[in-house]
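S.K.: I'd like to ask you about the structure that follows.
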Amino acid sequence: MPLAEIIAGKCQDCQYQEMDNYDELLPYPQKIGLTAKGENVLTAYEKLEFEKRWPEWARHFENCIQCFACRKVCPMCYCTECIASKNEPRLIPQSVGGKQNTVWQITRIMHLAGRCIDCGECERVCPAKLPLRRLTLKMRQIVNDYYKYVPGLDPRQDLFWSSYSKKDPEYLIFKPEEK
Amino acid sequence: MKNYLLTEEQIIALFNAAAEHYELYVPVNSENGQVFCWEKTARLDKMVPSNIQPTASIKKFFFPNSEPMFGFKKEKQEIELYQAAASVPRLVLGVHSCDLGSIKVLEALFKDTVDDELFREKRQNTVLVGISCSAKDWACFCSQLEINSRFSQDGDLFITPREEKYILSVTSAKGEDYVNKYLENGETVAGFTPANDLGEEETFTLDFPKIKEVMDSGFELPVWEKFARKCINCGICTFLCPTCHCFDVFDEARRERGARFRCYDSCMFPEFTRMAGGYNPRSAKAARLRQRYLHKYKYFVDNFNLIACSGCGRCIRHCPVNVDVRQNLNILQHSGSEGEDD
Amino acid sequence: MTNIYTPYLAKIKKIIKETHDVKTFQLELVNPESKKKFNYQPGQFAEFSVFGVGESTFCLASTPTRPEVLECSVKKAGKVTSAIHELWEGDTVGIRGPYGNNFPVKQLKGKNLVFVGGGIGLAPLRSLINFVLDNRGDYGNICLVYGARTPGDLVYKKELEDWDKTPDFATHITVDKSAGNWKGTVGFVPVILGEVAPGAENAVAITCGPPIMIKFVVKELSELGFKAADIITTLEMKMKCGLGKCGRCNIGKVYVCKDGPVF
């Protein structure tokens, strides 16, 4: 059976099949035939008109049940106490609903900017099938565009969140309008 | 039990007839083929599908993810309380036997000792229309719990296909009221024997009395640790489970106004039992997983003589790390008191 | 739509500062109707709510024999308790209950009573002690062994003095660690209990305190000859609904809120 048929969808466009920071490398039984490049999830989505995007997200976030599977499965969600479980003060609403879930999801995604290694697990485990990878990929793209940083690729590189250079742009998410 | 033989058009007309007084909910296929929950629709235009089990279970209608219990307004040192609004009558179509069976569990719990009006009122206000399931998949194990996927009397009405037509069975007084009010020219049939898929061959059988026996003395079994190894302690299984009912109570307020809510809580989360002083009686993952299993298959049986599981398979289907409750129960029933090593 | 989670409104009549982190709140139910409904027995608990912050569980420290006040002693520990500590006299709070079972006051009649308390665990015992004092003729001698971490952590100091002066009421107060001008006993509660050695004959022991203290107190009591049936304890778990529904306070199939807290 070809590997591509049984492997998780998110692995089929894995860009990092050959890394060099291992101790031991077991031989792959088969190479995964790449069906698409990682960016395609995003570029396909970005073809959608801007106005139509928010209603779609609103519907997706409505379905979130705050089961926190995305957080639990994420290799980069390593906070000992998550902001979503903290109750003094409670910053992420505990009640579940479109707005409240949006706060939770956006907070998590933003917190993963410069940290997310694009394993795609959050999207895979989500019982409500939120297309979270679109968001994390966008974060990676922004971080790479502005700061030339791809998390997890080069262990010698200074970490995104803990380094500062005078060349860093002032903005992160919203680029000011160019004059 | 009264049974009517109706055509597709008649069924559609029967449910559309009440659209003015009821909110209509149907499981529909969305574009990606996944149905998260029953969706509200203004009108029914085709037959209710029998092959869809929404990801979110039926409990959402009576015991929502989060609901306000009452509102309050502060003014200096005074407080004014507002009661939660009454629910809207609803008609939920295409419910499978497993979900219908699970409601018995919630009903037993919520009316025990003190009646929970929030739950009861919503249940009374909802007509549940079951449908003979045609979507049994690899994760389903309703038949192990003696739930017949082809027919159930736990809802208010039940639809079974028969040749080109449908049998509509009236399974409760509420269902009868509904039919009397909205069905025009219904033809009753005598001698309807519902289909039954119980007793069909299974790869392994779960002997629940035996499992309970093992659990009765199995609090310290080493298998709990083994079961928990895989688990990542997310809340998927508990939130999607139609019988899980643990909740949290909290306030949300902005300035002077606010409300007290209750929302699903999960015994899988460490915060569930952590006390203000920091002490947590169930701080280990294995202890939490054990709590979930014991609650379902032992404590609930002890207290209500019901198994708090309806074999819907959601916890198996949606578990991110393939924890399979059937396999674990199977290990338990064969483990006896000395446990089993892998 | 009314529901079982709606609390009665109550006014804070008086706040008594017991220690640096414990305050006692005297409450009065606002609605005379709810006053009639709120009938409780020693050992029961209630859900205390600060609107906008949340609810927390406390045992009722007052006795139904003195119906004019409803008292709860609150130790500052988490979010809700901190908010409760910030309340003023005259503020309105919510109270839901009474919940749980109570001390078996009828079966205790004619018995000698041994109370063993630790820290804030004196609160439910105080309810029963005052109940017994108000029905003095029905009960035998009372012996109280009470301890706290430091002299500053002892609660109900005024009452402890009064009890000490009461006839047929032996009070033994101890602290784990002496401080200031403390002249009393120093030592852990179970040890002092062993030294005091109240007779097990026709006696019932009632204990409340931290789990670890209860464990050793129970051990000590059985060495003194108390049978398991003659030891009553109250337990505590994180609670939310108080009605056996929310599913977190179970120990096995037993729900502390519904089947307890007195065991």
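Residue numbers (our numbering), protein chains in the order written: chain A, 1194 to 1372; chain B, 180 to 521; chain C, 15 to 277. Glycine included, every Cβ here is placed at the ideal spot set by N, Cα and C.
Given Y1342/A, which residues of its chain have a CB within under 8 Å of its CB, disregarding the five upstream and five downstream residues?
M.R.: If we look at Y1342/A and ignore the five residues flanking it on each side, its Cβ neighbours are G1307, V1336, Q1350 and F1353.
S.K.: With DSSP collapsed to three states, give me the class of F14/C.
M.R.: Because chain C here runs from 15 to 277, residue 14/C falls outside it and cannot be looked at.
S.K.: Quick one: give me the first and last residue of the beta strand (DSSP E) that L101/C is part of.
M.R.: No beta strand (DSSP E) contains L101/C, which DSSP labels as neither H nor E.
S.K.: Cα separation between V205/B and F330/B?
M.R.: Each residue's Cα considered, the two are about 19 Å apart.
S.K.: Alpha carbon to alpha carbon, what distance is there between Y153/C and W177/C?
M.R.: Looking at the two C-alpha atoms, the distance is approximately 15 Å.
S.K.: Compare the C-beta of K1372/A with all C-beta atoms of chain C and state if any pair is closer than 8 Å.
M.R.: Low local confidence applies: a pLDDT of 47 at K1372/A is under 50, so the model's placement there is unreliable, and no value is given.
S.K.: Less than 8 Å between CB atoms is the rule here; does A60/C satisfy it with respect to chain B?
M.R.: Chain B contact via Cβ: absent.
S.K.: Excluding the 5 residues preceding and the 5 following L257/C in the sequence, name in chain order all residues of the same chain whose CB lies nearer than 8 Å to its CB.
M.R.: Excluding sequence neighbours, L257/C sits near I18, Y113, C271 and K272.
S.K.: With the cut-off set at 8 Å, would you say G57/C and S141/C are in Cβ contact?
M.R.: Yes, they are a contact pair.
S.K.: Is K37/C near G104/C, with beta carbons less than 8 Å apart?
M.R.: No, the pair does not count as a contact, with Cβ atoms beyond the cut-off.
S.K.: Would you call Q1208/A buried or exposed, if buried means 16 or more other Cβ atoms sit within 10 Å of its Cβ?
M.R.: Q1208/A should be labelled exposed.
S.K.: Strictly below 9 Å CB to CB, what residues from chain A border K93/C?
M.R.: Here the neighbours are N1280, E1281, P1282 and R1283.
S.K.: Which of the three DSSP states is assigned to E1239/A in this structure?
M.R.: In this structure, E1239/A counts as helix in the three-state DSSP scheme.
S.K.: Would you say Y54/C reaches chain B, if we count a Cβ-Cβ gap shorter than 8 Å as a contact?
M.R.: It does not: the Cβ of Y54/C has no partner Cβ on chain B nearer than 8 Å.
S.K.: Looking at the unbroken alpha helix (DSSP H) that takes in N182/B, where does it start and where does it end?
M.R.: Unbroken run through N182/B is the beta strand (DSSP E), K181 to L185; no alpha helix (DSSP H).
S.K.: Would you tell me roughly how many angstroms separate the C-alpha atoms of D224/B and G274/C, rounded to the nearest one?
M.R.: Rounded to whole angstroms, D224/B to G274/C spans 54 Å at the Cα level.
S.K.: Run through the DSSP bridge pairs and tell me what C73/C is partnered with.
M.R.: F59/C, per the DSSP bridge assignment.
S.K.: For F426/B, which residues in chain C fall below 8 Å Cβ to Cβ?
M.R.: Near F426/B (Cβ distances below 8 Å), the residues of chain C are K254, C255, K259, C260 and G261.
S.K.: Could you tell me which of K252/B, I338/B and C319/B sits nearest to V271/B, measuring between CA atoms?
M.R.: The option with the nearest alpha carbon to V271/B is I338/B.
S.K.: Is A1201/A close to chain B, meaning its C-beta is less than 8 Å from at least one C-beta of that chain?
M.R.: A1201/A does not count as touching chain B.
S.K.: What does Y443/B pair with, by DSSP beta-bridge criteria?
M.R.: For Y443/B, which the question treats as bridged, DSSP gives the partners F426/B.
S.K.: Answer yes if the segment 433–444 of chain B comes into contact with the segment 478–493 of chain B, meaning at least three C-beta pairs across the two stretches below 8 Å, and no otherwise.
M.R.: As far as the Cβ criterion goes, the segment 478–493 of chain B does not touch the segment 433–444 of chain B, which means the pair count is below three.
S.K.: Taking all protein chains shown into account, decide if G457/B is buried (16 or more other Cβ within 10 angstroms of its Cβ) or exposed.
M.R.: Per the 10 Å Cβ criterion, exposed.
S.K.: Consult DSSP for G151/C and reduce its assignment to one of helix, strand or coil.
M.R.: Here G151/C sits in helix by DSSP.
S.K.: In the DSSP assignment, what are the bridge partners of K28/C?
M.R.: Paired residues: Q40/C.
S.K.: Applying the criterion that 16 or more other CB atoms from any shown protein chain within 10 Å of the CB defines a buried residue, is K367/B buried or exposed?
M.R.: Looking at the sequence shown, residue 367/B is not Lys but Thr. By the neighbour-count rule (16 or more Cβ atoms within 10 Å), T367/B is not buried but exposed.
S.K.: Alpha carbon to alpha carbon, what distance is there between Q55/C and V276/C?
M.R.: The straight-line gap from Cα to Cα measures roughly 12 Å.
S.K.: For the candidate residues L158/C, K171/C, F59/C and H186/C, whose alpha-carbon lies nearest to that of I109/C?
M.R.: Looking at the Cα atoms, F59/C is the closest of the given residues.
S.K.: Shorter than 8 Å from the beta carbon of P1320/A to some beta carbon of chain B?
M.R.: With 8 Å as the cut-off, P1320/A counts as an interface residue toward chain B.
S.K.: Determine the direct distance from the alpha carbon of I220/C to that of I246/C, and round the result to whole angstroms.
M.R.: Between I246/C and I220/C, the C-alpha separation is close to 5 Å.
S.K.: Which same chain residues end up closer than 7 Å to A264/B when comparing Cβ atoms and leaving out the 5 residues on each side of it in sequence?
M.R.: Nothing listed; no residue qualifies.
S.K.: With C-beta atoms as the reference, is C1275/A less than 8 Å away from R1264/A?
M.R.: Yes. Within cutoff.
S.K.: If we cut at 8 Å on Cβ distances, does S1288/A have a partner in chain B?
M.R.: Yes, contact with chain B.
S.K.: Could you check where the alpha helix (DSSP H) with S348/B kicks off and where it finishes?
M.R.: Not the alpha helix (DSSP H): S348/B falls in the beta strand (DSSP E), residues K344 to V349.
S.K.: Looking only at C-alpha atoms, which of I510/B, S489/B, R496/B and V500/B sits nearest to L324/B?
M.R.: Out of I510/B, S489/B, R496/B and V500/B, S489/B has the C-alpha closest to the C-alpha of L324/B.
S.K.: For the segment 412–439 of chain B, enumerate the residues whose C-beta is nearer than 9 Å to any C-beta of chain A, in chain order.
M.R.: Going along the segment 412–439 of chain B in chain order, one finds N412, C413, G414, I415, C416, T417, F418, L419, D427, F429, E431 and A438 with a Cβ nearer than 9 Å to chain A.
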